Amino acid sequence: MKKRLMAMFMAMALILTACGGSASKGGDKDSLVIAQASDAESMDPIIQNSIYAENIIKQIYDTLLVRKPDGTMENRLAESIEQPDDLSYVIKLREGVKFSNGEELTSEDVAFTLNRAAQSDAYGYIYKQIDPNSYDTSDPLVLKFKLTEPDATFTAALAHPAASIVDKTTTEADPESLGTKPIGTGPFKLDDWKKLDNTTLSYNENYWGEKPAFSQMIFRIIPEDSNRLIELDSGQADIAMEVAPNDATKVEENEDLTLYTKLDNSVHFMGLTVDKGIFQNPKAREAMTYALDMQAIIDAVYMGHGKVATGPVNPNIPYSISDSIEPTKRDVEKAKALLKEAGVKEGDTIKLYCHDQQSRVDMATIIQSQLKDVGLNVEINSMEWNTYMSTLARPDHDHDMFLMSWSPSVVDAHYPLYATYHSDKKGTGPNFMFYGNPALDALIEKGLRAPEKDRATIYKEAQELVIKEHPAIFALYGEQIIGAQKNIKNFDPDPSGSNEFYHITFE
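Letter by letter, the sequence shown follows residues -18 to -1, 1 to 489 in mature numbering (1 follows the signal peptide of the UniProt record, and there is no 0).
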């Protein structure tokens, strides 16, 4: 029986090796295989809305400048960026850059890209300060434009994936094409996309920069944490993103693998729907802060990886006040009293939605157990990522609570506050609480236009207001856990959660 089983395993191994996309360790290796939990929603920079999409599009497109994993800014398609005054920008482009279709990059492409981003539903708030009538593209390698009002974060926003430069001619001819047929100036181009299965990229022969160490990149979509680890352990994947915390030790102890851990820029939280249900009442929302033991959740689900969150802005982000706030201690009796004040009856049922990733389901299950202690029954609904996001956004949504994490691609307190809590973002990720407060909106907008010396005070007040109103229960500041083959070199995980994998080399 043992011989038959061994023969079967050997046959399966041979089949897997023959299927392509294998992360072989030979010196002639020419592909990089990455296993991640979910797929891109779209390949269009202004439609995509997740690290899963960004992991792919960052290989296809370039931005004018880029924020490196160490936080420093580096010019990319921009040779220089000058700001003659508070409202004016002059961007000189690299010469000789071409898109993957062979078209040359010009200032018209950049103006078109920025204008398109400013008009987008998902990212328009980042670029809305651009005066659309101010673009000067008379020089094909120089773009001049003005803002309508000062924006302290604008230069950094040029590194956001939504500002990935697209080909004007192709996109104007077919505005929907970028979703499935992206054309960029990055080192790779799309070869094949089997949704929810795999995406294959190949080297862009028109790439202006240094050629990567490999000519093919494959993203395999493997939702189950255990299966991603199997792919890594068997050598079928070079990199496994989002290694389950309880598997981190297995990776660390495997002499053929390397474990990467790094505190990222994210905030994991439980959103409370404020436009319907029991959490319209602020007392019920406050009760949740006492009902849950977040350290217990971190220890049980994340094996201690991560840090208890105390505020809406990750401490890695400028102007965060989180490090100055002590975590709230669990107090079951106080939670019960607040729920009673809010008119919530013992035994009431509320709905908690989450992504079907195992760590999220585990987190939801512990929350379910802890809330039972305060008299609430929790119904858990877990689902695939893209379905999850569209379900939360529905106007007829029925979730009371949801689990989410969000990491700002523009590293400034303005962006987590705006994207998560501003009234403009109701019903879009991650503000599925449908929360808004005019007083908070005013502070967030004021901080964007304020002189540098005043921004810390303004954003402190904004964070304190979010904490006071409890539209979300802060869970943890996340830690990336990534597994890779030992021969992977020059990989520095980005705190944003999405990476430029093309810098990797093989030993």
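All C-beta atoms, glycine included, are put in the ideal place defined by N, C-alpha and C.
Values in this document were obtained by computation on a predicted structure and should not be read as measured data.
Item, Value
"What's the C-alpha gap between residue 276 and residue 252?", "11 angstroms"
"Near residue 283, which residues of its chain fall below 8 angstroms by C-beta distance, leaving aside the five closest residues on each side in sequence?", "227, 341, 344, 345 and 348"
"Short check: CB of residue 73 to CB of residue 92, under 8 angstroms?", "yes"
"Opposite residue 121 in the DSSP bridges: which residues?", "124"
"On the criterion of 16 or more Cβ atoms from any shown chain inside 10 Å, does residue 402 qualify as buried, or is it exposed?", "buried"
"Which class does residue 17 belong to by DSSP, given the choice of helix, strand or coil?", "strand"
"Give the C-beta separation of residue 166 and residue 44 to the nearest angstrom, bearing in mind that I take them to be a contact with Cβ-Cβ under 8 angstroms.", "7 angstroms"
"Does DSSP put residue 343 in a helix, in a strand, or in coil?", "helix"
"If we ignore side chains and look at the alpha-carbon of each, how far apart do residue 255 and residue 291 end up?", "20 angstroms"
"Pop quiz: residue 272 and residue 313 are said to be a contact at Cβ under 8 angstroms. What is the actual Cβ separation, rounded to whole angstroms?", "4 angstroms"
"Our contact map puts residue 204 next to residue 16 with C-beta atoms below 8 angstroms; I'd like the distance itself, whole angstroms only.", "Between residue 16 and residue 204 the Cβ distance is about 10 angstroms, and since that is not below 8 angstroms, they are no contact."
"State whether the stretch 379 to 391 contacts the stretch 324 to 335, with contact taken as three or more CB pairs (one from each stretch) at a distance under 8 angstroms.", "yes"
"If distances are taken between C-alpha atoms only, which option among 78, 475, 461 and 139 comes closest to residue 249?", "461"
"Please go through the same chain and pick out, in chain order, the residues whose beta-carbon is closer than 6 angstroms to the beta-carbon of residue 482, but skip the five residues on each side of it.", "40"
"Only counting runs of 3 or more residues, tell me where the beta strand (DSSP E) segments fall wholly within the stretch 219 to 286, in order along the chain.", "239 to 245 and 249 to 254"
"Buried or exposed: where does residue 339 fall if 16 or more other Cβ atoms within 10 Å of its Cβ makes it buried?", "buried"
"Got a sec? Which residues, its chain only, sit under 6 angstroms from residue 224 by beta carbon, not counting five neighbours each side?", "19"
"What is the DSSP secondary structure of residue 414, counted as helix, strand or coil?", "coil"
"On the DSSP letters alone, give me the boundaries of the alpha helix (DSSP H) that residue 135 sits inside.", "Where residue 135 is concerned, there is no enclosing alpha helix (DSSP H), given that its DSSP letter is neither H nor E."
"Which class does residue 459 belong to by DSSP, given the choice of helix, strand or coil?", "strand"
"Which two residues bound the contiguous beta strand (DSSP E) that contains residue 438?", "Segment 434 to 451 is the alpha helix (DSSP H) holding residue 438; no beta strand (DSSP E) there."
"At what residues does the beta strand (DSSP E) containing residue 358 begin and finish?", "It is not in any beta strand (DSSP E) - residue 358 carries neither H nor E in the DSSP assignment."
"Is the beta carbon of residue 389 sitting closer than 8 angstroms to the one on residue 288?", "no"
"Of all the options 65, 86 and 61, which has the alpha carbon lying nearest to the alpha carbon of residue 75?", "61"
"Counting C-beta neighbours from all protein chains within 10 Å, is the total for residue 155 16 or more, i.e. buried, or is it exposed?", "exposed"
"Taking just the CA atoms, how far does residue 78 sit from residue 113?", "28 angstroms"
"In angstroms, rounded to a whole number, what distance separates the CA positions of residue 186 and residue 82?", "6 angstroms"
"Taking the Cβ atom as the reference point for each residue, do residue 298 and residue 477 lie within a distance shorter than 8 angstroms?", "yes"
"In the DSSP assignment, find the beta strand (DSSP E) that holds residue 65 and state where it starts and stops.", "First-last for residue 65: undefined, no H or E at that position."
"For residue 112, which three-state DSSP category applies?", "strand"
"Can you grab the Cα-Cα spacing for the pair residue 34 / residue 281, in whole Å?", "26 angstroms"
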